[in-house]
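Enquirer: My questions all concern the structure below.
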């Protein structure tokens, strides 16, 4: 298993580079980059103002009608080159990508174009929010959905299965952001009760609280966002678990085990469980990434939780390339590591799986 893990870790390097190359090409081809935005912001301004702070002189801005660059009518070529140099666009794309990946190998993400902060500091500041949302949502979803799915599979067609499926489907049909708004209206001072806070990961006086008080304060702030996120993933996972168990229960090896007099619980949890759970485990990495970085975007916005999802979205809108590529790099790296963790979990659930044997 150790040799397989080492091979997978080595395979992550070209995979990560390939993903970064594709996104780098796409982003570079998209219009409205930081150079174009800066030029557009400077057009028509007084040459002695903010442009002079970049160039050190106001004489680079003219009132001529020549067009030295795209969208840069009225600006001197020297100013255009200075803007490109400021954002690193004075170098060829291949050189820029190579320099970026060398820095990223040591987690040096550079400085944000527009936030005047190191990107690594921004990522570290936002990461606790995203990890909190993703981890707690998955733990609750898996902790409830798997036992519920097994119970529904064993009692397939009963009243409990019918009404619980109805509740699950209704919950799945409600978008998480709409449910989040409903929770705010009901429990966060919208129109009825104000039992939970509306914004932030912790309270302003968090540092002065005791250890128990900090835990309770953290859970108090997480209650509504986690509830809104759990709704959709809970419904999907419960039905997936049920269908997986029903499919395995109907197979020949289960009938053979029952005919040998093995107890129902042993058949279910010793034989069926390991096969049915493989499909559920396979979706764990994708589910975590989806909740942590994409599915939580609206939830972060609604509950004023400043996480990586919101950071990446704002960076994409403002074309803050260092932040964009840093969040992509971190997201991809975490996703690859989670896929490896999923493979390891396969062997935990079903020891018969041997990844080494495939390469023997």
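Numbering (our numbering), first residue to last: 81 to 440. Every residue, glycine too, gets a C-beta built ideally from N, C-alpha and C.
Can a CB atom of chain B be found closer than 7 Å to the CB of residue 371?
Expert: Checking the listed chains, one finds no chain B in this structure; it contains a single protein chain.
Enquirer: What runs of the alpha helix (DSSP H), each 4 residues or longer, lie entirely inside the region 333-404?
Expert: 353-362, 364-369, 377-382 and 388-398
Enquirer: Could you check the C-alpha separation between residue 378 and residue 157 for me, to the nearest Å?
Expert: Translated into the one-based positions of the chain shown, residue 378 becomes position 298. Translated into the one-based positions of the chain shown, residue 157 becomes position 77. Going by the C-alpha atoms only, they are around 42 Å apart.
Enquirer: Give me the Cβ distance between residue 420 and residue 88, rounded to the nearest whole Å; I'm assuming they're in contact under 8 Å.
Expert: The count along the chain shown starts at 1 and reaches residue 420 at position 340. The count along the chain shown starts at 1 and reaches residue 88 at position 8. Taking the Cβ atoms as the reference, residue 420 lies roughly 5 Å from residue 88, within the contact range of under 8 Å.
Enquirer: For the 8 Å Cβ check, are there 3 or more pairs between the region 307-315 and the region 215-223?
Expert: yes
Enquirer: With distances taken from CA atoms, which of 194, 94 and 207 is nearest residue 411?
Expert: Your numbering for residue 411 matches position 331 in the chain shown. Ranked by how close their Cα comes to the Cα of residue 411, the residues 194, 94 and 207 have 207 in first place.
Enquirer: Leaving out the 5 sequence neighbours to the left and right, which residues in its chain are closer than 6 Å to residue 304 when beta-carbon positions are compared?
Expert: For the purposes of this step, residue 304 is taken as residue 224 along the chain shown, with counting starting at 1. Excluding sequence neighbours, residue 304 sits near 263 and 276.
Enquirer: Between residue 95 and residue 416, which are expected to be in contact by the criterion C-beta below 8 Å, what is the C-beta distance as a whole number of angstroms?
Expert: Locating residue 95 in the chain shown gives position 15, where the first residue counts as 1. Locating residue 416 in the chain shown gives position 336, where the first residue counts as 1. Right, the Cβ-Cβ distance comes to about 6 Å (below 8 Å), so this counts as a contact.
Enquirer: What does DSSP give as the partner residue(s) for residue 268 in the beta ladder?
Expert: In the chain shown, residue 268 corresponds to position 188, counting from 1. Residue 268 is bridged to 274.
Enquirer: Please name the residue, chosen from 380, 368 and 255, that lies closest to residue 302 on a Cα-to-Cα basis.
Expert: Taking the chain shown and counting its residues from 1, one reaches residue 302 at position 222. If we check each option's Cα against that of residue 302, 380 comes out closest.
Enquirer: Could you tell me whether the Cβ atoms of residue 403 and residue 199 are closer together than 7 Å?
Expert: Start at 1 with the first residue of the chain shown, and residue 403 comes out as number 323. Start at 1 with the first residue of the chain shown, and residue 199 comes out as number 119. Their beta carbons are under 7 Å apart, which means residue 403 touches residue 199 by this criterion.
Enquirer: Can you list, in chain order, the residues of its chain with a C-beta nearer than 8 Å to that of residue 93? Leave out the 5 residues immediately preceding and following it.
Expert: Start at 1 with the first residue of the chain shown, and residue 93 comes out as number 13. Excluding positions up to five away in sequence, the list is empty.
Enquirer: For residue 226, report the span of its alpha helix (DSSP H) as first-last.
Expert: One-based indexing of the chain shown puts residue 226 at position 146. 199-234 is the span of the alpha helix (DSSP H), which, as asked, contains residue 226.
Enquirer: Can you list, in chain order, the residues of its chain with a C-beta nearer than 6 Å to that of residue 104? Leave out the 5 residues immediately preceding and following it.
Expert: In the chain shown, the residue the question calls residue 104 occupies position 24. Taken in chain order, the residues that qualify are 177.
Enquirer: Out of curiosity, what's the CA-to-CA distance linking residue 191 and residue 202?
Expert: Here residue 191 is taken as the residue at index 111 of the chain shown, counted from 1. Here residue 202 is taken as the residue at index 122 of the chain shown, counted from 1. Whole-angstrom Cα-Cα distance: 10 Å.
Enquirer: Sort out for me which residues DSSP pairs residue 191 with in a bridge.
Expert: Position 111 of the chain shown holds residue 191. Its beta-bridge partners are 198.
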